[in-house]
Amino acid sequence: MPSTESSNGLDPGEEDALRLLNRTPHPYHHPSFDLPSLHTRFALRDDEAATEARGAFQQFPHSSQPSPPSQASQPPHISFSSFSKESSHASDSGTEADDEHFLKGLPAPRVKLHKGLRGRNEPLSGTSTPLQSAFPYERDGVPPPGASASTQHDPAHQSVLDLLRRHRVLVRRLVEAGIVAVLGAMALRNSQVAQTMIHWSQDMRFLGMVYGTLLALYPIRILARSTVGKWSLSQLKLDSHFDPAPLIYPPAITVLVALLVSPNNPAVVLPNIVLSLCTLPNQAVPFTDANAPYNAAHWFLTSLPLVWTSTRPNALTPSNMPFVPEETLVLLYPLHITLCLVLHHLTTTSLLLAELQLLSVALINVLLLASSPQAQILKAVLWGGGLGLLISCGSVISWGIALARVPKWRFSRTRTYQAHHFRNLLAKIVSWHKITHGLLGPGFDDIYDTPPSSEGEDASAGLGVKGLQRVQTNHSSPIAGKDRFESVVRRHTLPYLAASPRKDPSYTPSGRRKRAISESARPFLRLTQEQAAFRKWIYAGYVYACVIIVIFGGIRLYIQKFALNGHEPLGWGLGYAFGHISWFRLQVIQANLENWICLPPRPEPTSDGVCHMGWVQHVRLHDFGEANTRLFLTGYWFTILIVGLMIVFQLKNFVEVDTRRKVFHFMMVGMFLPGTFVDPAYAAFALAVVLGLFLLLDLLRASQQPPLSKPIASFLAPYVDGRDFRGPVVISHIFLLIGCAIPLWLALASLPRTGSGYWAGWEVPTREVSMVSGVICVGLGDAAASLIGRRFGHRKWLWGGGKSLEGSVAFAAAVFAGLMAASAWVRLGRWPVVEQMSHTTSARNAAVCASIASLTEAVLTGGNDNVIVPVALWTCVKSLGV
């Protein structure tokens, strides 16, 4: 076989391992062969030959941890799916000019070890998702600290390490699966869910039977197709890089959330049963082609629950709730797969498989089951705005990205002289060297030497007019002319002026191989820098025009028809915000604009003078007014935001990135922990609008649209982590917002609405602590775990990893304190609650919920802890109550 040693003397395995440690802030410079294809992430290869060396369960989607270097020595007939999302290859460009356009926007942060764990073999962290690996010596081929050279190569010692590593991985996987099972048991214990289960017991049994059967059959299928002549249970080894997240979280969380929301809308159960079957990996489904994104057998499996439930949803669904027909449910599988492929294309190297599956399921639920005004607005923002922009300006955005990939030095140069055109013309007329030398002076050569317009011109083209005249005047003396020519050439140090033979254009002057320009960017090489800049502004103008048309055209009309009962959104918004200001009401009435601006009715005093919804609600409705309360909340939120930004700017120069990021977590707590209970519908509406704004701004930043892309990127630069550099989307602030918003949206979906007239569906009569579980989890728990664990965390969990026992205890304590504070605020405000319980029971349930959330955060793999952990905490709080 030909040698595979690289030019730097490293083996391919060592070179790949070092490459995986690199991080690049240039997501558009990844070669196409470094990125997984659009379908391999959802249809991985089912290679039975690999079971003999790696075990059966490794054929499921791998975790985000990169494979160790020792895997490079595997037999050539064994192929593994390239499924790493946590590590991305750095650019192979041979010049820094390739990266100048994005380096100014998002410079890579400095890598710093956690203060409390230095010298304790902690792997580098900094990503928002915990890595699966534990200590370095727990990976293949890496000896433990203090091990001698003899024990490192001892087969018996290595086998003990492998066995210990497998046992730790097995414990971690069992704990991860046990947490999901406990969440399911808690949800079934809820009295309202138990009533719903009476109607859907047959479907739940079918789902459990299918799920368990597929998981049990997969190892048997692998053993039956094994290249070994006989079955052997020793082949069933749990690989150390096995990631159960795609098997556990998308199917389980989808069903659990649907059951907890079903008391208010029973129609959500059947679509989510189908979606949970859609999220199963293709490898687990028999008779499927694991390399194809769409599989007929898998599609047939997802349609089975519809066979005996054709009439049940009609009887269970209230008249005001959306009903999904069976024809639509049959198409959920292709819709889900297509949406996953689109999301993968848009967020390449940013999201893991389980996160993509959950994101797709959430978007489909918003599309099919949105009924409240807030959900309809969220649907218009995500689906209407997203599809509108993709269809109208998707190609232009792609052209702009391709143009942004071209470095400045790659563009064409115009053949023009530098300056002094009159003197240049005079130099052409006066051809004698002595005359020009006497009239124009000796500095003329340096002024008028003009570089060639391209690299392909002769070296003599760089001599300029004066240099050519010198060579011509010495034609009578070949030797002198030659010396004179060489002296002129030696004066220039630019590569294209050298008289030596031209080198290979695929290599830089230093000997490094240049990265080939992509096919999409090659047409732009004929442009000059001025033309490229003008082209960028043309693209940006078209994109901004499409954004304005989509917002004020499609989104506005949809919200007017489906969310606001035909009322114009702008006029409705003015009344929603300023309707209780006396001066504003007077101006509207005098201008006869009542039909356009929706004015809320003035509060009427109660018969007994007491508001039965609590004193806070009484102040809001009868003293301040609903609109004035919303203005007060808006001002309060902006005040906290401004104060938090000022603190961050003060800490910017001498505090590390992770600590600065936690300031935003505490800001979310200060903003939404007290304010959500005052007006939950307005808080949900504000979060939906801000989410749409974040997505739009990140689209402009990622697509390099001037003039907003660079300021946005510069603002985000001090607060991004390593995972944000692995794809075009900066997910940190988006997932922080989603983690806080999803529990509130789910809680509102499970509660009835009130309100009349213009404000139908904008009032929530009851309150729940689960509304703020996301804010408590992300704002308090995650921040406490990070700040305490990095400084004082010395004791690792049994399975290792970047999580410490001290950090997990801090997480649990902070979440417990947050839940008790929220419960005390609900009691103090005297809002009506779904279920009243004693202080002792509330404290006990809060401790249980905090412990489960902390354990989930410590054991989580293959998912974002800013999303999965808040949903797990919401499930606990919603099931038990606090």
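Position 276 (the sequence shown) corresponds to 276 in full-length UniProt numbering; numbering is contiguous.
The beta-carbon is built from N, C-alpha and C at its ideal position, and this holds for glycine as well.
Predicted model only: the values in this text are computed from it and were never measured.
With a Cβ-Cβ cutoff of 8 Å, do residue i and residue j count as a contact?
i, j, result
"M204", "C876", "no"
"F694", "A683", "no"
"V848", "L873", "no"
"V324", "P271", "yes"
"A810", "A785", "yes"
"E763", "R753", "yes"
"I248", "E176", "yes"
"V871", "I734", "no"
"G793", "G807", "yes"
"G862", "L352", "yes"
"I640", "M667", "yes"
"S703", "G400", "yes"
"K536", "P706", "yes"
"A354", "P281", "no"
"L277", "L301", "yes"
"S360", "L332", "no"
"L687", "V261", "no"
"A540", "F411", "no"
"G575", "L599", "yes"
"W799", "P674", "no"
"G571", "I597", "yes"
Residue i to residue j, Cα distance in whole Å?
i, j, result
"Y542", "F552", "15 Å"
"G456", "R701", "The predicted position of G456 is uncertain, since its pLDDT is 39 and thus under 50; a value taken from the coordinates is nonetheless stated next. About 36 Å."
"N264", "A545", "41 Å"
"L207", "L748", "27 Å"
"P601", "R585", "11 Å"
"K796", "R790", "12 Å"
"I549", "L697", "16 Å"
"A843", "I852", "14 Å"
"A56", "P219", "The pLDDT assigned to A56 is 37, lower than 50, so where the model puts this residue is not dependable; a value taken from the coordinates is nonetheless given after this. Spanning the two alpha carbons is a distance of roughly 6 Å."
"Q158", "V396", "55 Å"
"C740", "F242", "30 Å"
"G511", "A521", "24 Å"
"Q529", "R413", "8 Å"
"residue 885", "T629", "This structure leaves residue 885 out entirely; the chain is present only between 1 and 882."
"V655", "M646", "14 Å"
"W583", "A627", "13 Å"
"R189", "R660", "41 Å"
"V778", "K408", "42 Å"
"I738", "I731", "10 Å"
"L855", "I179", "8 Å"
"E52", "L744", "Note that E52 has pLDDT 36, beneath the 50 cutoff, so the model's placement of it is unreliable and the number below is only indicative. Looking at the two C-alpha atoms, the distance is approximately 48 Å."
"F649", "K662", "13 Å"
"S838", "G184", "24 Å"
"L215", "L163", "24 Å"
"Q836", "L819", "15 Å"
"R827", "F677", "11 Å"
"G670", "V772", "11 Å"
"E519", "S398", "13 Å"
"H299", "F287", "Looking at the sequence shown, residue 299 is not His but Trp. Roughly 11 Å between the two C-alpha positions."
"L736", "L223", "43 Å"
"H618", "F632", "16 Å"
"D721", "I788", "19 Å"
In the DSSP assignment, what are the bridge partners of residue i?
i, result
"E355", "None; E355 has no bridge partner."
"K796", "S804"
"R767", "V833"
"T841", "According to DSSP, T841 bridges with nothing at all."
"D754", "First, the amino acid is wrong: residue 754 is Thr here, not Asp. BP columns for T754 point to E763."
Can you tell me the Cβ-Cβ gap for residue i and residue j, rounded? I've got them flagged as a contact below 8 Å.
i, j, result
"S251", "T196", "The question names Ser, but residue 251 in the sequence shown is Pro. Actually they do not touch by this definition, with Cβ atoms about 18 Å apart."
"H580", "Y758", "Contact flag wrong, Cβ pair sits at about 13 Å."
"A563", "I377", "5 Å"
"L329", "V274", "5 Å"
| request: Run through the stretch 150 to 211 for me and flag every whole alpha helix (DSSP H) of 4 or more residues, listed as ranges in chain order. | output: Note on the stretch 150 to 211: whole alpha helix (DSSP H) runs with a minimum of 4 residues are 155 to 189, in chain order.
| Fully enclosed by the stretch 503 to 569, which alpha helix (DSSP H) runs are 4 residues long or longer? | Runs of the alpha helix (DSSP H) spanning 4 or more residues and lying entirely within the stretch 503 to 569 occur at 529 to 549, in chain order.
| task | Within the stretch 687 to 717, note down every full alpha helix (DSSP H) run reaching 4 residues or more, in order along the chain. | result | Qualifying alpha helix (DSSP H) stretches, in chain order: 709 to 716.
| Which full runs of the alpha helix (DSSP H) of 4+ residues lie inside the stretch 572 to 632, going along the chain? | Taken in chain order, the complete alpha helix (DSSP H) segments of 4 residues or longer contained in the stretch 572 to 632 are 582 to 590, 615 to 618.
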